[in-house]
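Peer 1: One structure is given below, represented as structure tokens, and several questions about it will come after.
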Amino acid sequence: MTKHKKLKQWISECAKLCQPDKIVWCDGSQEERKRLEKEAFKINEIVKLDQKKLPGSVYHRTAQNDVARTEKLTYICTKNKRDAGPINNWMLPKEGYRRAYNIIRGSMKGRTMYVIPFSMGPIGSPFSKIGVELTDSIYVVLNMRIMTRMGKAVLDHLEKNQGEFTKCLHGKVDIDINNRLILHFPEDNTIISVNSGYGGNVLLGKKCLALRIASCQARDEGWLAEHMLIMGIEDPTGYITYIAAAFPSACGKTNLAMLVPPKGLRKKGYRIWTVGDDIAWMKIDSDGKLWAINPENGLFGVGPGTNSKTNPNMMAALKQDTIFTNVLLKPDKTVWWEDGDPPIPKRGIDWKGYPWKPGVLDENGKVITGAHPNARFTVPIQNVPTVTNRLEHHHGVPISAIIFGGRRAALAPLVYEALTWQHGVFMGATMASERTAAQFGKQGEVRHDPMAMRPFCGYNMGDYLKHWVNLGKKMTPPPRIFHVNWFRKDQNGNFLWPGFGDNLRVLEWVVRRCRGQADARKSLIGFVPHDYDLDLTGIKLPKNNLKQLFSVNKKDWAQELNGIKEFFSSLGKDLPQEMWSEYNLLKKRLD
Ligand code: GTP
Ligand code: SPV
Ligand code: MN
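Numbered by this note's numbering, the letters in the sequence shown go through residues 133 to 723 in order.
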């Protein structure tokens, strides 16, 4: 079985609890993949797609009640409530284990329990963390194969060092939303997920380990685990500047990380390198600089809206070896989603499994979509044409700028730069965004989402912000911090900024700021580019748009300040004093 004592003991305890018929150790081989796919085809857990048009790709549908992360059912279990903080759902560890064990007990009778040893980060890197996920879902195994480095090499490494690992237990049970729980035990380095089959709830290396558990480890060990993309921007001289950017779920990380430079900038010689699209682990190295790795090995991206115009690199990546979840299945055994590549199919089977035709309305008069708005694809990062060659480098890449951003129809300008690190932390702490389909709840509602970590910070939000403030003092110098908003709209509800590839026009200014090559103007809220600092060659942007994109409306900001005050107050006395000082400074500037 294994020479790792603790692992052996934990697995036998879980087997006794869940009572699977069989235990299968995953080695990560191609033979294993073929075998598991075959088994899953047989029980209809996945569907084989046309192997000429989409070689190596498969299709999966989740239960209708199980299409996004369920934040209400996600808990941090700590001995003291204070450690989970005012934002997280909290439970006592004892209570958490009792409830989860009662749900999962005996639930794997007649099923197989798969053992997945996986590494977040290159195996053996000082950044990396190992986890072992036990699951009764072949879909989870097939996804973990893509999303992480997994199998025999990881187990060998773990055994050699008798090292620590995160215990990740997942059981589908009955996919019953009323008994669904996603529990994190940072004090025990343990995760338990029951009654779900949706990515963010069950690919336990991703949000659960690499953010919620890792953020606690990062607090204790002095680094950062963040909901950020990482990309390299190569300028015309061949110099690559690396940036990390935090946007809430479904707000553009994947798209930005692999953007195609618009013609003018491409001609100048700009090139993009994709390092990661969702998670960044960042550490201060002996040079006093912040270095980052992407702990993942694949992308779990949003389908709808992805097409050859908005994201040609992703469309190229999806040509093979992809798992498509909750998209439209076409009669020719290929796939499609809303705002995907034309033509719109004449018919197909929708994400719920029903026959579908475009334009048909439901009983409420709403168009029935072929794909769920949070339909996703799972694809190896090596498929992306712009993938960096630094992915396996144990030291990662040096980060020059950190970018925060959200989906704000009003208020936030296209881009502005923090005056200091501490001001930048305040900008991140006061981020707000409209809710998207990536999580259950009222869509479009603006909510505060500090550093895009509201659903993912595994400890007290106040302590988390204090950690950010403190780390800034240890770097020489710290990265510059920026805020962007690709989603500002005009009075008629149209986006003022074209977005996607054109976002590089903003990033060019960011990069040039980092390299001391670009000027800025000081506004009330931070540094902004002069009109002449943004290269708008070849873009058809109405003149008034730029003015609107950068307008700072005092009345709107006064209202924003009220919202910030209310939000900060809700964080209680754990919020670091530095955040209130920045609040007062901004208030003074605006008065
Ligand atoms: P998660 O995987 O949930 O963390 O999301 P993400 O942050 O990676 O978001 P993603 O890049 O998948 O984009 C989500 C949605 O935003 C898609 O529908 C995109 O088409 C849309 N989007 C991305 N970038 C832009 C942009 O610059 N402008 C506009 N208007 N829409 C964008
Ligand atoms: C997100 O919701 O931020 C995602 C998708 O990246 S999930 O893995 O489901 O959390
Ligand atoms: Mn995400």
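Cβ atoms here follow ideal geometry from the backbone N, Cα and C, with glycine treated the same way.
Computed from a prediction, not measured in an experiment: that's the story for all the values here.
Looking only at C-alpha atoms, which of Thr322, Phe173, Ala147 and Ile175 sits nearest to Gly238?
Peer 2: Checking every option, the nearest Cα to that of Gly238 belongs to Ala147.
Peer 1: If you compare alpha carbons, which of Ile365, His525 and Asp159 is closest to Thr518?
Peer 2: Comparing Cα positions, the closest option is Ile365.
Peer 1: Tell me whether Ser702 counts as near the ligand MN, meaning its Cβ is closer than 7 Å to at least one heavy atom of that ligand.
Peer 2: Answer for Ser702: no, Cβ out of range of the ligand MN.
Peer 1: According to DSSP, is Lys498 helix, strand or coil?
Peer 2: Reduced to three states, the DSSP call for Lys498 is coil.
Peer 1: Take Lys299 as the anchor and find which of Val305, Asn310, Pro318 and Met282 has the nearest alpha-carbon.
Peer 2: Closest option to Lys299, Cα to Cα, is Pro318.
Peer 1: Where do the N-terminal and C-terminal ends of the beta strand (DSSP E) with Cys300 fall, by residue?
Peer 2: Looking at the DSSP string, the run of the beta strand (DSSP E) that includes Cys300 is Thr298 to Gly303.
Peer 1: State yes or no: is the C-beta of Arg579 nearer than 7 Å to some heavy atom of the ligand SPV?
Peer 2: No; taking the cut-off as 7 Å, the Cβ of Arg579 has no heavy atom of the ligand SPV nearer than that.
Peer 1: Verify the CB distance criterion: does Phe432 have a CB-CB separation below 8 Å to chain D?
Peer 2: Looking at the structure shown, chain D is missing, and only one protein chain is on hand.
Peer 1: For the beta strand (DSSP E) containing Ile307, list its first residue and its last residue.
Peer 2: Per DSSP, Ile307 belongs to no beta strand (DSSP E) and is neither H nor E.
Peer 1: Identify the continuous alpha helix (DSSP H) that holds Glu640 and give its terminal residues.
Peer 2: First-last of the alpha helix (DSSP H) with Glu640: Asn635 to Cys646.
Peer 1: Once DSSP output is grouped into helix, strand and coil, what is the label at Asn311?
Peer 2: It is helical.
Peer 1: Which whole-angstrom value is the C-beta distance of Met252 and Gly337, which I expect to be below 8 Å?
Peer 2: About 5 Å separates the two Cβ atoms, so the contact holds.
Peer 1: Could you tell me which of Ser655, Gly670, Ser532 and Gly256 sits nearest to Asn685, measuring between CA atoms?
Peer 2: It is Ser655.
Peer 1: At a threshold of 7 Å, does Ser724 count as lining the ligand MN (C-beta to nearest heavy atom)?
Peer 2: Residue 724 cannot be examined here, being either before or after the span of the chain that is shown, 133 to 723.
Peer 1: Reducing DSSP to helix, strand and coil, say where Trp553 ends up.
Peer 2: Reduced to three states, the DSSP call for Trp553 is helix.
Peer 1: Where Gly480 and Gly491 are concerned, what is the direct C-alpha to C-alpha distance, given to the nearest angstrom?
Peer 2: Whole-angstrom Cα-Cα distance: 13 Å.
Peer 1: On the DSSP bridge list, what partners appear for Ser251?
Peer 2: Answer is Ile262 and Arg281.
Peer 1: Under three-state DSSP, which class holds Met363?
Peer 2: Strand.
Peer 1: Determine the direct distance from the alpha carbon of Ile534 to that of Lys421, and round the result to whole angstroms.
Peer 2: Spanning the two alpha carbons is a distance of roughly 13 Å.
Peer 1: According to DSSP, is Trp157 part of a helix, a strand, or is it coil?
Peer 2: Residue state, collapsed to three classes: strand.
Peer 1: Can you give me the Cβ contacts of Thr244 inside the same chain, cut-off strictly under 7 Å, excluding the 5 residues immediately before and after it?
Peer 2: Pro152, Asp153, Lys154, Val156 and Asp268.
Peer 1: What is the DSSP secondary structure of Pro530, counted as helix, strand or coil?
Peer 2: Note: Pro530 maps to strand in three-state DSSP.
Peer 1: Could you check the C-alpha separation between Leu543 and Trp689 for me, to the nearest Å?
Peer 2: Computed Cα separation, rounded: 7 Å.
Peer 1: Quick check: is any heavy atom of the ligand SPV less than 7 Å from the C-beta of Arg201?
Peer 2: Yes; taking the cut-off as 7 Å, the Cβ of Arg201 has a heavy atom of the ligand SPV nearer than that.
Peer 1: From the DSSP secondary-structure annotation, give me the bridge partner or partners of Ala350.
Peer 2: Its beta-bridge partners do not exist; DSSP assigns none.
Peer 1: Any heavy atom of the ligand SPV inside 7 Å of the beta-carbon of Lys339?
Peer 2: It does: the Cβ of Lys339 is within 7 Å (strictly closer) of some heavy atom of the ligand SPV.
Peer 1: Taking the continuous beta strand (DSSP E) assigned at Ser328, which residues delimit it?
Peer 2: Counting along the chain, Ser328 falls outside any beta strand (DSSP E), and DSSP gives it neither H nor E.
Peer 1: Taking only runs that begin and end inside the stretch 586-673, name each unbroken alpha helix (DSSP H) of 4 or more residues, in chain order.
Peer 2: Fully enclosed alpha helix (DSSP H) runs of 4 or longer: 593-605 and 635-646.
Peer 1: Can you determine whether any heavy atom of the ligand GTP sits closer than 7 Å to the C-beta of Asn626, and answer yes or no?
Peer 2: Flag unset: Cβ of Asn626 not near the ligand GTP.
Peer 1: Determine whether the beta carbon atoms of His580 and Ala569 lie at a separation below 8 Å.
Peer 2: Contact flag unset, no.
Peer 1: Is the number of C-beta pairs between the stretch 701-711 and the stretch 592-611 that are closer than 8 Å three or more?
Peer 2: Touching, yes, given that three or more Cβ pairs across the two stretches are closer than 8 Å.
Peer 1: Would you check whether the ligand SPV has a heavy atom nearer than 7 Å to the C-beta of Asp198?
Peer 2: The answer is no for Asp198.
Peer 1: Give me, in chain order, the residues of the same chain whose beta-carbon lies closer than 7 Å to that of Met507; leave out the 5 immediate sequence neighbours on both sides.
Peer 2: Looking at the sequence provided, one finds Ala at residue 507 rather than Met. Only Gly435, Pro436, Thr457, Asn458, Val459, Trp469 and Trp483 meet the Cβ criterion.
Peer 1: Using only the alpha-carbon positions, how far apart do Asn212 and Lys399 sit?
Peer 2: Rounded to whole angstroms, Asn212 to Lys399 spans 57 Å at the Cα level.
Peer 1: Looking only at DSSP bridge pairs, what is Glu566 linked to?
Peer 2: Beta-bridge pairing links Glu566 to Val578.
Peer 1: Just checking my contact of Gly430 with Pro380 at CB under 8 Å: how many whole Å lie between their CB atoms?
Peer 2: No, Gly430 and Pro380 are not in contact; Cβ-Cβ is about 21 Å, not under 8 Å.
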